[in-house]
Structure formats: C-alpha cells, structure tokens
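Right, one structure below, let's go through it.
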C-alpha cells in the first residue's frame, strides 16, 4: 500500500499520518519520512513538520527514537493497576486492597432502597452532601468558599477537571515516579506531562518551581501515600509548596487524597487560602472497594461550575443508589470499625514485610499506602524476570517513570496479604535474584 502524506499545516499533516496508520498503510514500527524530506515534498517549513510530529508523539501515534527517526508506535498494552490476566504466578503488582478488609455491603444495600430518583432532581444525595461537606471542610478550612461534586471515582474527576481547563498540548505537572492512572489520563488526553521529582517528603520544591517556570497549567499532587513511593507531604514541605504556588493562583492544583481514611499520616495541603483554582479529591475505592466508583471533589465555585458543565454531556450524575450505599457504609459503626482495622492491617503488614526484606539484605523503609517501594542496586526489570522463574510476578518501577531513571531501579510490591511464611520466601528469593546480577558480581571482583 502506497503511503501518501499530505497537508499544509501541522494539524493537517498530523491528521494525514493518523489516517495512514488507521488504514494500515503505516504499520507499527514503520519509519516516517525525515523532517527535511517531508517538508521538501510538501513545500512547507521544516518547523511545520516538526510540530506535526510533536502532535503525533503527544497523541501516542508515533515515537521519537533519536537516530532511528520517528516511527509508528507499537501497539503495546498500557500499564494499569490490577491483577495480571492469565498468570499462574503469585501476583505482587496488583495495587489492590485486601478484599477481606472491605466492609460487607449486604445489609447496607437492603437499607438504602427508597423511591426512584428522576431527571431534574439534585445530582448529589442531600444526606451524602451534608456528611461530605463536613468531611471535606475539615481538610479545606473555613476561610475559602467550597462546592462539592460527585464523580465516578478519582480518575474520572481528574480527567474531567483537566478537560474543562486545558487544551491539547497544554503542560501538566505530575509527580515522578507517577501513579499509573494519572499518567495515562494525561497522555491519553493529549496533554504534555512535566515531571516533578518526589522524595521522602513528597513533591520537591525545586521540581515544582521548574514545572511552573515551564508553563504548566495544572498540577496533580498526592498529599499522602503517594503511589508508587508511599511518600507523604510533611508540614514543612507543604508550606514550602504553598509559597511557590502563591505566585501562580490561576494554575489548577488538584490534590488526590486517595488513601484518606486509611492513611497513617496527617493531611497537609499545598493549596493556600488565596489560590483561585483548586480541587481536593477523595475516592472511596481503597476502603469501600474499587467497584464503588465514587469520589467526592471539593473545589472553588468556578472550578465546580466548570466541572458540572463537563459532567452534563455524559453522565449527569453518579447513581443515587451508589451515593446512598457509600453514605450508609461511611456512617455505619461496624463499617467504620472495619475501615480502621484495615488501616492498621496495611500499616502493620507493610512494616513486617519491610523488616523481612531488610533482614534478607534488601533494605526498604515502609511508606504509607497499600504497597512497598523497594530500592534495588540494579535495574528492576531484570530482577522481575528472575523472580518470575521463582514463581513471583512483581511490578518494575520503570512503568511509573516520566524522567527519573532512579525509579527504574525499584520494585513496587503489594504484599500486605502475604502470610509470614510467604514473606520469608519472597525476601529470600528477592535477595538471591539481586545477588545473581552479573553487574554486582563484576564489581565485587
């Protein structure tokens, strides 16, 4: 099939290439013409072709491979949270909560049945709104106006918030390493991710300042239990970040407090009282279960209005049955006790796992969250291959990387559900996999 790329503007050239890819004229891995050659063929400035290739790269249609040129992207699966499909290995990469620690909703379901909700009624259940207002106001403070929105989970809220604020190619500051759902949302939305390094106290000040200088129009931050590192903002770091953001009041700041009721750390916000565009998101998925697709978003009134308009073209509201069920569980004494017990379980088991790994020679500090972020002296992907031969399926850190090469020398392990005997075997197998690396052997020699 003959490849014919046409167009006189960057968007026209990009659309032409996209059509060739969709029709199969350009297969995955196929090289696009060099910039100079295509510009000459089309009679356009080379910068126009560069801009077209950039649009295609940001949309995930092509990949820039340095001296190998620009090539059609391979159709590789996008890394996502959850169980690996079709594996017989012990899966340590799920990022899932323990199903036995999720409150049983059976009795609550019977109690929430009531009259049907019709078109035109308030989109937020009144009782949930009253409870959630108190919950979110305690985090936001009393000094600024706030409105609530209910969405189908935290990722749904982030996608809609970005879509009502940004246009394609706008820059978004993301933590590096980054939560997979946020990273995928930004990339698939056609936005430009700008990495902000994360250390033990959370997003770094220098990194945020550099991202703002680069012109980001939105910042996505995890105040505690950052995924994958487990880092939580300290009070001092949060204050420093607020000071940096004070000079950029119209940059949309999104805080994803996904671990809220399970966190062992206090909540510290990066959003100052004078910031004009902000949103705080709290999903119930970690403590009421991933299938409870519901998140509460508190934001400034203007952002809330934009978010409501963004909801209208699709699902105008989250099911009131789901809203009532969430409220019933959040206010039930037994369910609340189960959530508290789950929080203690995750913290305790991760500490036990960190101790077992450290004793075996793989030193790790437990963070906050469902998983451990395990540093290694070698590339994690080679270690995962050795662990597979020993029956373990682990998630390498390079899946979470934007720019930080050090993250590729980490594993993210979800091990809170492993009994002590399996933890001991994992620690031994991981230590053996690291010790077998030839780069360490050659250094020792």
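In the numbering used here, the protein residues as written are 14 to 458.
Note that beta-carbon positions come from the ideal geometry of N, C-alpha and C, so glycine has one too.
In three-state DSSP terms, what is residue i?
i: residue 180; result: coil
i: residue 14; result: Interpretation of residue 14 is limited by its pLDDT of 48, a score under 50 that renders its predicted location unreliable; the figure taken from the coordinates is listed afterwards. Three-state DSSP puts residue 14 in coil, outside helix and strand.
i: residue 333; result: helix
i: residue 87; result: coil
i: residue 164; result: strand
i: residue 425; result: strand
i: residue 122; result: helix
i: residue 283; result: coil
i: residue 410; result: helix
i: residue 115; result: coil
i: residue 190; result: coil
i: residue 137; result: coil
i: residue 304; result: coil
i: residue 402; result: coil
i: residue 4; result: The question about residue 4 has no answer here: the residues shown for the chain are numbered 14 through 458.
i: residue 365; result: helix
i: residue 312; result: strand
i: residue 103; result: strand
i: residue 159; result: coil
i: residue 232; result: strand
i: residue 128; result: coil
i: residue 215; result: strand
i: residue 451; result: helix
i: residue 205; result: strand
i: residue 338; result: helix
Taking all protein chains shown into account, decide if residue i is buried (16 or more other Cβ within 10 angstroms of its Cβ) or exposed.
i: residue 131; result: exposed
i: residue 240; result: buried
i: residue 14; result: With a pLDDT of 48 at residue 14, under the threshold of 50, the predicted position of this residue should be treated as unreliable, and no value is reported.
i: residue 60; result: exposed
i: residue 155; result: exposed
i: residue 363; result: buried
i: residue 173; result: buried
i: residue 168; result: buried
i: residue 379; result: buried
i: residue 263; result: exposed
i: residue 230; result: buried
i: residue 98; result: exposed
So, at 8 Å on beta carbons, what are the nonlocal neighbours of residue i in its own chain, with the 5 sequence-adjacent residues on each side left out?
i: residue 355; result: 110, 111, 114, 115, 275 and 300
i: residue 446; result: 396, 399, 400 and 403
Are residue i and residue j touching if we call contact CB-CB under 9 Å?
i: residue 459; j: residue 161; result: The requested residue 459 does not occur in the structure, where the chain is confined to residues 14 to 458.
i: residue 17; j: residue 138; result: no
i: residue 243; j: residue 405; result: no
i: residue 425; j: residue 390; result: no
i: residue 196; j: residue 210; result: no
i: residue 224; j: residue 202; result: no
i: residue 85; j: residue 42; result: yes
i: residue 439; j: residue 372; result: no
i: residue 166; j: residue 298; result: yes
i: residue 185; j: residue 199; result: yes
i: residue 284; j: residue 255; result: yes
i: residue 178; j: residue 319; result: yes
i: residue 416; j: residue 189; result: yes
i: residue 144; j: residue 361; result: no
i: residue 340; j: residue 311; result: no
i: residue 413; j: residue 272; result: no
i: residue 428; j: residue 68; result: no
Can you give me the Cβ contacts of residue i inside the same chain, cut-off strictly under 6 Å, excluding the 5 residues immediately before and after it?
i: residue 246; result: 215, 236 and 281
i: residue 442; result: 403
i: residue 409; result: 393, 394 and 397
i: residue 33; result: 16 and 39
i: residue 234; result: 216, 268 and 283
i: residue 238; result: 272, 276, 381 and 382
i: residue 28; result: none
Can you list, in chain order, the residues of its chain whose CB lies under 7 Å from that of residue i, leaving out five sequence neighbours each side?
i: residue 118; result: 338 and 342
i: residue 153; result: 159, 293 and 311
i: residue 23; result: 61, 64, 65 and 68
Counting only C-beta atoms, is residue i closer than 9 Å to chain C at any point?
i: residue 118; result: This model lacks chain C altogether, as it is built from one protein chain only.
Q: Only counting runs of 4 or more residues, tell me where the alpha helix (DSSP H) segments fall wholly within the region 246–281, in order along the chain.
A: 248–258
Q: Taking only runs that begin and end inside the region 15–87, name each unbroken alpha helix (DSSP H) of 4 or more residues, in chain order.
A: 23–35, 48–55 and 59–71
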